[in-house]
Every structure is written in structure tokens, then in C-alpha cells.
Amino acid sequence: MFQPNQADVRRFFCGAYAKYREGAPVDPMEAIATRWIAEHPEYHAELADLEAALAADYRIDAGRTNPFLHLSMHLSIEEQCGIDQPTGIRQAVSLLAARRNSLHDAHHEVMECLGEMLWTSQRSGLPPDGQAYIEAVRRRATA
């Protein structure tokens, strides 16, 4: 299984953004990444400077959003939906996207559910609860 480190992730997104700007060919994963990068112009300056990106510190107490974490979450949610894992996530995200009239807005809400599931897992020492995650997304889709 591929387990990139922080620098690998930052290089991937900066490289994908460079190809996006240049109109260069991208591989399938970069194509997904560049779709989400295009949705986030507020990150473009940070993605344009690889050396600064590698050195950047995105601590919560610094009040800066981590564009690499944010974009990685978009990719994770897209992958989850693509393989429907956990089972039911594809339908839950689809329902939420229809309700919000925006896949992008739906992803941002799903990120909150995903983050909560991971936080709960870390705090409890138990594995992530995929069913609770899906139910949280479904609640948002029906609220």
C-alpha cells in the first residue's frame, strides 16, 4: 500500500498544479487533483511555490488552512465514492450533493463528518466507524 509522507503529498499537488497551469498531460490521479485544485483558487499561490510548500507549517493554532490536507480529503472522498467504501458512502454523498446542489459543497460537509470520525477513533483508540460516518453524511443529506 502506498503511504506518502508530507513532502510526497505536497510535491504531488504542486506538480499537478504546475501541469494544470502549463496545460501539460496529467495522469488519472493528477486529473482528479486538478479538478479540485481548480475549485480552490485560494490555494493556487501556495501550490505554485514548491519550496515554500515544503517548508510551510500549517498548525491549527497558526490559523492557516492546510491546502494539502484539504485537497487530500477531496481525493479521499472521491476515492471512497469511486469504490463505495465504506459501503453506502457513494449514495450518501450523492444524496448530499443533490440536496446542496453542489458536489463541492457536499464534499466540504463530508469532510466534517470524516474528520469527526477520525477524531473519535483517535480519542477512543478504536478503529474508525464507517457506519457512523455514513449515517452522519446521510443526516446532513436529509436535514
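When you read off a place in the sequence shown, starting at 1, and then add 389, the result is the number in the working numbering. Here a beta-carbon is modelled for each residue, glycine too, at the ideal position from N, C-alpha and C.
Distance, residue j Cα to residue i Cα
| i | j | result |
| --- | --- | --- |
| Arg424 | Pro516 | 31 angstroms |
| Arg410 | Glu435 | 13 angstroms |
| Met390 | His493 | Confidence in Met390 is poor, its pLDDT being 48 and thus under 50, which makes the residue's placement too unreliable to answer from. |
| Pro414 | His429 | 20 angstroms |
| Arg399 | Glu419 | 13 angstroms |
| Trp508 | Gln392 | 20 angstroms |
| Thr531 | Leu485 | 8 angstroms |
| Val499 | Asn394 | 24 angstroms |
| His433 | His497 | 18 angstroms |
| Ile449 | Ile426 | 22 angstroms |
| Ala451 | Gly514 | 27 angstroms |
| Arg453 | Tyr447 | 6 angstroms |
| Arg479 | Gly412 | 31 angstroms |
| Cys502 | Pro417 | 26 angstroms |
| Asp438 | Phe401 | 12 angstroms |
| Ala511 | Gly471 | Correcting the residue type first, residue 511 is Gln in the shown sequence and not Ala. Those two C-alpha atoms are separated by around 26 angstroms. |
| Ala525 | Arg488 | 15 angstroms |
| Asp473 | Arg529 | 18 angstroms |
Terminal residues of the alpha helix (DSSP H) in which residue i lies
| i | result |
| --- | --- |
| Gly404 | Gln395 to Glu411 |
| Asp494 | Leu492 to Ser513 |
| Gly519 | Gly519 to Thr531 |
| His429 | Note, His429: premise wrong, no alpha helix (DSSP H); not H, not E. |
| Ala442 | Leu439 to Ala444 |
Proximity below 8 angstroms, CB of residue i to CB of residue j
| i | j | result |
| --- | --- | --- |
| Ala422 | Leu464 | yes |
| Arg405 | Leu443 | The question names Arg, but residue 405 is Ala in the sequence shown. The answer is no: Cβ separation not under 8 angstroms. |
| Ala495 | Met506 | no |
| Pro456 | Ile523 | no |
Backbone secondary structure at residue i - three-state DSSP
| i | result |
| --- | --- |
| Thr476 | coil |
| Val415 | coil |
| Pro516 | coil |
| Arg488 | helix |
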